[in-house]
Amino acid sequence: MNFEIFWFCVIAFFWAGYFVLEGFDFGVGMLLPFVPRDDAERGAMFESIGPVWDGNEVWLVVAGGATFAAFPAWYGTMFSGFYLAFLLILVCLIIRVVSFEWREKSKDHRWRHIWMWANTIGSAGIAFVFGVGLSNLLHGVPLDSGGDYIGNFWNLFTGYTVVGGIAFVLVFAFHGAIYLTLRTSGDLCARAQTAALRLAPPAVLVGAGYVIWTVAVAADQNDKNVFPPALPAAIAIAAFALAAVCAYRQRSGLSFTLSAVGTLGMVATLFTSLYPRVMVSSPDFANSLTVTGSASAHYTLAVMTVVAAICVPALLIYQGWTYHVFRGRVGGEDLTGDTGAATAAPGDSPAT
Amino acid sequence: MSLLVSSTTVDLARVQFATTSIYHFLFVPLTLGLGPLVAVMQTLWLRSKDERWLRLTRFFGTLLLINIAIAVATGLVQEFEFGMNWSVYSRFVGNVFGAPLAIEGLAAFFVESTFLGLWIFGWNRLSPRIHLATLWVVVVASWASGYFILVANSWMQHPVGYKIVNGQAQLTSIWALLSNGFALRAYLHVILAGLIFGTIVMLGICCWHFLRGRDVDMFLKAAKLALIVAVPVTFLQLIVGNRFGEAVTSAQSMKIAASEAQWKTCQPCAFSLFQIGGFTEQDQTPSFSITVPRVLSYMATGSFDGQVQGLSELQKQEQRTYGRGNYMPNIEVIYWSMRTMAYAGVLMFLVAVLGAWLYWRKKLERARWFLRTAMVAMILPYIAATAGWVLTEMGRQPWIVQGLLKTSQANSPSVTTTWLGISLGVFIALYVVLLVVDLVLMRRYANPGRPEPSEEVSMPAVTY
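Residue numbers (the working numbering), protein chains in the order written: chain E, 110 to 461; chain S, 243 to 706.
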């Protein structure tokens, strides 16, 4: 395997990691207005993702940065072409980032409501727009011979890409509900379980429909055979279906693992379908951006490979450790109702 | 300024980058400086078991987190904006410029974000030592992050370690890129700026509490820490800023000449402290000016007899090298941004020295005139940093990458003025809201009239 293909895989890996990890905290964000009964439970939901969402989001930052370094032509065309879509994503990201820090800064009911909705809208918005945007890489957008986007904003919305957006939203909502059943306790946990069961059928159906459609689009628009993309697609469908079954049987741990595998499979289907191109051009297929055509030179990719070889294993270890530290359940009857109390104040620590 | 009323796509893209990056850098340096100060406080608490250090850790930790939230959020905009508004630039530099950005994410930002979560929520889940270590890791990672960003930025000022192949800059040496002398000096300059932000803001907040007579003994401890750091860093910054001029002279002679409105080549050269007029080609001699002999020679070359090339001569040279065109930045803006930065730097040094002297004479908490001054001085680092970036980036014009690519040719061809107008409007609206909320929160959480932190239900460092 040469460096170009390797970096295409690395970028696919970062996107997959981003959606598996941030996917569940998007899901928790989307469920904020619906699952909790009161502000304390809402606080517990925030707390279940509080320590980890920021680290999860960096997967996106690195996916973007690695694209810039390894595939400058792809980075330039995608970000400038999907301009308003990325603007929407940025707005959603910003209001979501600050909502975590700011919501609890006041007891005022309206204030907390505003930032809860900021988180919910941000989470659903990012999931939807990324679903639409990434689907467009495969579905094809109008590019000129210089590799510049010549369509408008509405070109990004077609039946397939909108289903992609909806699939991302539903799959992450389900993934987040399952995560909540693992990380919360008591009544909140029971209601998260109910939410997971309600979300399971649409998530599985739309998720499966989306990956199948992806394989079909790959054949239509990207000159691919059915076989390589069909493999991750089959894994994704099986994993989603089994995740739903496990959710019904209240096997939360297994269900969460399977919805993570399903998300991985979904992203893998998309990127397998995309290869050897990174952005399909339609109607002028010849203007498509390819992996080799948009990649950086050998030296840059070699340097980046060394950096990634050191940093990625370390990353997996320390993020894994974070999940280990915060594995305990939050909220529920066994803890006092207040949002801050679940983590207890530093002043209560034995040292003081 | 013609820049603001012009509606061409390049100008709109420039205004947008200027707005979003200046805004981003209002929050970043405070986190660079406040981070280590909070870490020192928590360390002192762990060693002394003095409850006051814990309360200070929580107090300033809250302010730190409020700022980190915006710094992170607005940093995402910066990363996307290269591709969104400057696609030609991105394709041209990606091989070189993209590498430090990607390394920043992989090696620094990942660490910073993950360990920040551990610090915020780890108070009771980690042993006190490990918990403290997580904050130090955050600090080191945020400093490393700054380094990689400045490596990228400095490459635009002084490109090294590359060759041009098929109209694309390609990296030839990662070591040349990482050890770019321009980058190392810029980094030192920015780290010192961060520490100045941290200490001057901390000192100002302590003084606010002295004025109200709240927790005087506790905030005296914080003021002492702030002053111990502030005096040397404000002083060092004057030297480093000065020596930085030398690197700029060799990499960007035009920027130095512009920052002095020096039209004619001179040897030795006087430094202009203040002048009226003399900023355009037609009007090269100021109608009024105050100058100090030989100081410009020293700042630009390191020798009191050094020669500094004038704007007119440089313009001719550049035309010979790069063809017809105007190679001068906006002289008046560059001249005044340089002075605004430098004068603010001197004022901050004076505030730090005065504060230290008052502290030493045990009069700090009662010197009401100084307390008010120190509170007002909190604005100075913001002014200095903004002026510094205006000088650095506008002084590079007309180039986006010095000598290699012009700003006017680097924007995204597919992005229309409408899109740019929409995004600029959205960012400005959003950023104004964020700034208002940030100021309200900072004021509330720094306010001496606020109840004791320990009486609060939600703890500063334990959120949600």
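All C-beta atoms in this analysis are idealised placements derived from N, C-alpha and C, irrespective of residue type, glycine included.
Proximity to residue i [Cα-Cα], best of the options
| i | options | result |
| --- | --- | --- |
| E/L308 | E/A339, E/V144, E/V207 | E/V144 |
| E/V370 | E/I120, E/C118, E/G126, E/I114 | E/G126 |
| S/G487 | S/P474, S/V475, S/S501, S/F477 | S/S501 |
| S/V382 | S/L592, S/L254, S/D253, S/G277 | S/G277 |
| E/S364 | E/A350, E/G374, E/M375, E/A377 | E/A350 |
| E/F155 | E/V354, E/A304, E/E166, E/R212 | E/R212 |
| S/T316 | E/G174, E/A175, E/Y427, E/L202 | E/L202 |
| S/L683 | S/I312, S/V379, S/L286 | S/I312 |
| E/L279 | E/P310, E/G256, E/A328 | E/P310 |
| E/G374 | E/L306, E/I259, E/F128 | E/F128 |
| S/K604 | S/V458, S/N327, S/H373 | S/V458 |
| E/H433 | S/G667, S/T299, S/G364 | S/G364 |
Simplified DSSP assignment, three categories, for residue i
| i | result |
| --- | --- |
| E/I259 | coil |
| E/T388 | Per the sequence presented here, residue 388 of chain E reads as Met, with Thr not at that position. Residue state, collapsed to three classes: strand. |
| S/V393 | helix |
| S/L515 | strand |
| S/A411 | strand |
| E/K397 | The amino acid at residue 397 of chain E is misidentified as Lys; the sequence shows Ser. Of the three classes helix, strand and coil, the one that applies to E/S397 here is coil, per DSSP. |
| E/L252 | strand |
| S/T658 | coil |
| S/V314 | helix |
| S/K405 | strand |
| E/F266 | coil |
| E/F180 | coil |
| S/W365 | coil |
| S/S531 | strand |
| E/V439 | strand |
| S/T261 | helix |
| S/V643 | strand |
| E/K216 | coil |
| E/T303 | helix |
| E/V144 | coil |
| E/V129 | helix |
| S/V679 | helix |
| S/T522 | coil |
Within 8 Å, strictly: CB atoms of residue i and residue j
| i | j | result |
| --- | --- | --- |
| E/F191 | S/S332 | no |
| E/R386 | E/N331 | yes |
| E/L289 | E/S157 | yes |
| S/L192 | S/G388 | Here chain S covers residues 243 to 706 and nothing more, so residue 192 of chain S does not appear. |
| E/S382 | E/F180 | no |
| E/F188 | S/F322 | yes |
| S/T649 | S/V252 | yes |
| E/G249 | E/V389 | yes |
| S/Y624 | S/L307 | no |
| E/T431 | S/G347 | no |
| S/F351 | S/S396 | no |
| S/V473 | S/V595 | yes |
| S/L377 | S/Y687 | no |
| S/N653 | S/A255 | yes |
| S/L553 | S/Q517 | no |
| S/F669 | S/T262 | yes |
Buried or exposed by the 16-neighbour rule on C-beta atoms within 10 Å, applied to residue i
| i | result |
| --- | --- |
| E/G185 | buried |
| S/T522 | exposed |
| E/F195 | buried |
| E/I393 | Reading off the sequence shown, one finds Asp at residue 393 of chain E, where the question assumed Ile. Exposed, because fewer than 16 other Cβ atoms sit within 10 Å of the Cβ of E/D393. |
| E/L252 | buried |
| S/V270 | buried |
| S/K558 | exposed |
| S/W287 | buried |
| S/L662 | buried |
| E/P422 | exposed |
| S/S355 | buried |
| E/Q302 | buried |
| S/Q651 | exposed |
| S/L279 | buried |
The stretch 446 to 453 of chain S in contact with the stretch 406 to 417 of chain S per 3-pair CB rule at 8 Å: no
Validate contact between the stretch 263 to 280 of chain E and the stretch 236 to 251 of chain E using beta carbons, cut 8 Å, 3 pairs: yes
Contact the stretch 462 to 470 of chain S vs the stretch 520 to 535 of chain S: 3+ CB pairs below 8 Å: no
At least 3 beta-carbon pairs within less than 8 Å: the stretch 532 to 542 of chain S vs the stretch 505 to 516 of chain S: yes
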